[in-house]
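Undergrad:
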Ligand code: 5GP
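Numbering (our numbering), first residue to last: 23 to 167.
(1) Starting from the N-terminal side, write out each stretch of the alpha helix (DSSP H) that is 4 residues or longer and does not extend beyond the stretch 33-103.
(2) Can the beta-carbon of residue 127 be found closer than 8 Å to that of residue 35?
(3) Just tell me which of 165, 46 and 31 has its CA closest to the CA of residue 104.
(4) Confirm the yes/no value for this check: CB of residue 103, any heavy atom of the ligand 5GP, distance under 7 Å.
(5) Return the bridge partner residues of residue 135 from the DSSP annotation.
(6) Applying the 10 Å Cβ sphere with the 16-neighbour rule, what's the burial state of residue 84?
(7) Which term fits residue 80, buried or exposed, when burial requires 16 or more other beta carbons within 10 angstroms of its beta carbon?
(8) Taking the straight line between their C-alpha atoms, what separation do you get for residue 167 and residue 106?
Written out as structure tokens, the structure is:
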């Protein structure tokens, strides 16, 4: 049933958009917000979300919001690759719990991949705040620079 249902305005990403919950913000404009994943599967794991679309998944989001989301996603993939120099990068998006979705506000995952390093478990191990802060500073500097 998680593929279909009502949008819950109390989901954690909606709270982050409203400023009711914190995040390690990398980028924000009128339509899109990007921040570091709190439980990263690799160094630089980033989430990109629409701010105005109350959409749980790709079935529900309007095409214009999706296009804006993807434009920022591509820009941030370039930033992450420039700054972190990974050997590969995954861009992923899950719809419904059986597909791996755990937060029901549509989001893009950007997951840099490094040769020889496996992928951490999904949404399981919280990163150290100091590491996230340092990474945020590096990436924001490159985005703004
Ligand atoms: P999904 O499983 O829905 O595709 O992805 C949800 C992502 O959100 C997971 O990668 C998980 O680690 C991340 N996440 C869950 N709660 C929080 C939070 O409070 N803050 C941040 N920044 N990320 C979160």
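For glycine and all other residues, C-beta sits at the position ideal for the given N, C-alpha and C.
TA: The structure says:
(1) 34-39
(2) Here residue 127 is taken as the residue at index 105 of the chain shown, counted from 1. Here residue 35 is taken as the residue at index 13 of the chain shown, counted from 1. Going by C-beta atoms, residue 127 is nearer than 8 Å to residue 35.
(3) Counting from one through the chain shown, the residue named residue 104 turns up at place 82. Cα-wise, what sits closest to residue 104 is 165.
(4) Within the chain shown, numbered from 1, the residue matching residue 103 stands at position 81. Answer for residue 103: no, Cβ out of range of the ligand 5GP.
(5) Position 113 of the chain shown, counted from the start, is the residue given in the question as residue 135. Beta bridge pairing from DSSP links residue 135 with 110.
(6) As a first step, residue 84 is located in the chain shown; it is residue number 62 there, counting from the start. When all chains shown are included, residue 84 counts as exposed.
(7) In the chain shown, the residue the question calls residue 80 occupies position 58. Exposed.
(8) As a first step, residue 167 is located in the chain shown; it is residue number 145 there, counting from the start. As a first step, residue 106 is located in the chain shown; it is residue number 84 there, counting from the start. Rounded to the nearest angstrom, the two C-alpha atoms are 15 Å apart.
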